[in-house]
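Novice: In this text, residue positions in the sequence shown follow the numbering used here: the first is 71, and each later residue adds one. Ideal placement from N, C-alpha and C gives every residue a C-beta, glycine not left out. This structure is a prediction, so every number in the text was calculated from the model and none was measured.
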Amino acid sequence: MIPFTLRENLLTADPDDCMAQVVSEKAQIFTQEKIDAEIIKRGGVTEAALAAVRQAEKAVYADIIADGGVISTDLFSTSFSISGVFANQADTFDPKRHAVNLNVNAGVLLKEAAKKAKPFKKEGGSTDPYITRVSDSFSGDTQSVKAGSIMELLGARLKFDKADSEQGVFVKASNGKEYRCANVVETKPARAVVQFPADVPAGEFTVEVRTKVNANKTQSKSMKVGEYNKTLTAVQA
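1) I need the boundaries of the beta strand (DSSP E) containing Leu223, first residue and last residue.
2) Cα-Cα, which of Arg250, Lys258 and Leu145 is closest to Ile201?
3) By a C-beta neighbour count over all protein chains shown, 10 Å radius and 16 as the cutoff for buried, is Thr116 buried or exposed?
4) Taking the alpha carbon of Ser149 as the point to measure from, which residue in Gly139, Glu95, Lys232 and Asp161 has its own alpha carbon closest?
5) With H, G and I counted as helix, E and B as strand and the rest as coil, what does DSSP make of Leu236?
6) Does the region 269 to 289 touch the region 180 to 192, meaning 3 or more C-beta pairs lie closer than 8 Å?
7) Check whether the region 281 to 293 touches the region 240 to 254, taking contact to mean three or more Cβ pairs, one atom from each stretch, closer than 8 Å.
8) Per DSSP, Ala169 is paired with what?
9) Among the candidates Asp206, Ala129 and Phe146, whose CA atom is the shortest distance from the CA of Gly154?
10) Name the two residues that bound the continuous alpha helix (DSSP H) containing Gln289.
11) Residues in its own chain within less than 8 Å of Ile135 by CB, not counting five upstream and five downstream?
12) What are the start and end residues of each continuous beta strand (DSSP E) run of 3 or more residues lying completely inside the region 129 to 153, in chain order?
13) Please say whether Ala304 and Val170 have beta carbons closer to each other than 9 Å?
14) Just list the beta strand (DSSP E) runs in the region 76 to 105, keeping only unbroken ones of 3 residues or longer that don't cross its boundaries, in chain order.
15) Going by DSSP, what residues sit across from Phe190 in a beta bridge?
16) Identify which residue in Ala90, Gly296 and Lys300 has its Cα closest to the Cα of Lys191.
17) Hey, how far is the Cα of Ala160 from the Cα of Asp86?
18) Excluding the 5 residues flanking Thr197 on each side, which residues of the same chain have their C-beta closer than 8 Å to its C-beta?
19) With a CB to CB cut of under 8 Å and the five nearest residues on each side skipped, what residues in its chain are close to Val255?
20) Just to confirm the assignment, what range does the beta strand (DSSP E) spanning Asp231 have?
21) Return the bridge partner residues of Asp206 from the DSSP annotation.
22) Please return the same chain residues whose Cβ sits closer than 7 Å to the Cβ of Asn253, not counting the five positions on each side in sequence.
This is how it looks when you write it as structure tokens:
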């Protein structure tokens, strides 16, 4: 079952229509360990044998990607894309200006399985911030943001009090460190524009909005947090 709630639809002019947002529930999140446990329960393989296969499988996948190869299986397929602007036909790849992005898509088996999953509506939609799109305002890239560039967030309930250091747009980098986007260009319910911190290291990052601002413009006592559901890539200038 796929639980979902309804949120306001920002893609149309109708003030009443809604769009579905899938709700992630802890019991439905299957880590590698939980998946392996399910495989072992079905029989035919021991825990030690499965662990050995998993270790080899991960190493093979990593080597394929590192070598520039693509993976195509019934479960998933991969592809590469390159972001950044090239000055002209003679320009070459420069890691300071360009980034390699790995794209992962569901394979045939998972696509067919998804058709069988049944959604159900949960009453009581969330009042937390909701991010629908993040992009580098200078390049328009929606997969990577250059350090020091201007980052635009679209969604709902994104307005925050920029004078409160606990509120705002926060970036969680691959090194585990958290960065607050202190320079705020604009903060509105459906749009937030901030400067991406220049000291964020190159690599993957996640972004979230923290706010105490309610829909009626009052301040709530508790912090409301909305995390973007996609992982992005920071590119050093």
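Specialist: In brief:
1) Residues Ile220 to Ala226.
2) Comparing Cα-Cα distances from Ile201 to each of Arg250, Lys258 and Leu145, the minimum goes to Lys258.
3) exposed
4) Looking at the Cα atoms, Gly139 is the closest of the given residues.
5) Note that residue 236 corresponds to Glu in the displayed sequence, not to Leu. Reduced to three states, the DSSP call for Glu236 is coil.
6) no
7) no
8) Ser153
9) Asp206
10) Element bounds for Gln289: not the alpha helix (DSSP H) but the beta strand (DSSP E), Gln289 to Glu297.
11) Ile141, Thr148 and Leu172
12) 146 to 153
13) no
14) 88 to 92
15) Residue pairing for Phe190: DSSP places it in a beta bridge opposite Pro73.
16) Ala90
17) 52 Å
18) Arg227, Asn284, Ala285 and Lys294
19) Ile220, Val263, Val264 and Gln265
20) Counting along the chain, Asp231 falls outside any beta strand (DSSP E), and DSSP gives it neither H nor E.
21) Met221
22) Excluding residues up to 5 positions away in sequence, Val264 and Gln265 lie with their Cβ nearer than 7 Å to the Cβ of Asn253 in the same chain.
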